[in-house]
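Undergrad: I am attaching a structure below and will ask some questions about it afterwards.
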C-alpha cells in the first residue's frame, strides 16, 4: 500500500511540474511575441502574431481553473491514477492546442475537442465518486472497486483521437 501511495504522489508531483512548465512556456511565448511587435503599449494594432499568441494564452489560462477543479475532484472522489493520467493527457492536449493556435486557427480544433473529451471524463469520474458516496450513505453498497476498475480500463481510451 505504501508503494502505491508513493507512486500516486509521484504522479501528482509530475503533473504539478508539467503545469508549471506549460505556464512558463505560454508566458515566454507571449513575452517573445510582445518584444518582437512594434510599439510600447499593450495594444498593438495590426500584429496578428501577437494577437494569436495572446489569445491562445488567455484561452489556456481561462481553462485551467475548470481543469484543476475536475482533476482534484476526480482524484479525491474516484481514483487517483486514472485522474492523473487524464490530467497529463489534458496538459499535452493544451500544448497541442496552443501550438496549433499559433499556426492557423483550424489547427487548434483537434486539441480543443480532445481537451473537452478529457474534461468530460474527469467530470464523469467525479460524478461516479459522488454517486458512490451516496450509495454507501443511503444503501450501504460500496461500488468503489468497480468504479476504479472501470475508470482504469476506460482511461487508455482517451488516447484515441
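Numbering (mature numbering (1 follows the signal peptide of the UniProt record, and there is no 0)), first residue to last: -27 to -1, 1 to 134.
For each residue, glycine too, the CB sits at the ideal point set by N, CA and C.
#1: Do you know how far the Cα of residue 87 is from the Cα of residue 131?
#2: Flag this pair as touching only if the segment 98 to 117 and the segment 29 to 39 have three or more C-beta atom pairs under 8 Å; answer yes or no.
#3: Going by alpha carbons, who is nearest to residue 94 out of 70, 51, 77?
#4: Can you give the beta carbon distance from residue 59 to residue 125, rounded, assuming they're within the 8 Å contact cut?
#5: Does DSSP put residue 133 in a helix, in a strand, or in coil?
#6: Beta-carbon separation of residue 54 and residue 98 under 8 Å?
#7: Give the straight-line distance between the Cα atoms of residue 83 and residue 113, rounded to the nearest whole angstrom.
#8: Cutting at 6 Å between CB atoms, please list the residues of its own chain near residue 81, excluding the five before and the five after it.
#9: Among 111, 133, 96, which has the Cα closest to the Cα of residue 49?
#10: Is residue 116 helix, strand or coil when you go by DSSP?
#11: Does the Cβ of residue 14 have 16 or more other Cβ atoms within 10 Å, making it buried, or fewer, making it exposed?
#12: Buried or exposed for residue 111, please, with buried defined as at least 16 other CB atoms from any protein chain shown within 10 angstroms of its CB.
#13: Helix, strand or coil for residue 51, going by three-state DSSP, please let me know.
TA: Taking the geometry as given:
#1: C-alpha separation (whole angstroms): 8 Å.
#2: no
#3: 51
#4: Residue 59 to residue 125, Cβ: 11 Å. No contact.
#5: coil
#6: no
#7: 43 Å
#8: 70, 73, 74
#9: Per the Cα distances, 96.
#10: coil
#11: With a pLDDT of only 48 at residue 14, under 50, the local geometry of the prediction cannot be trusted, and the value read off the model is given with reservation. Exposed: under 16 other Cβ atoms inside 10 Å.
#12: exposed
#13: coil
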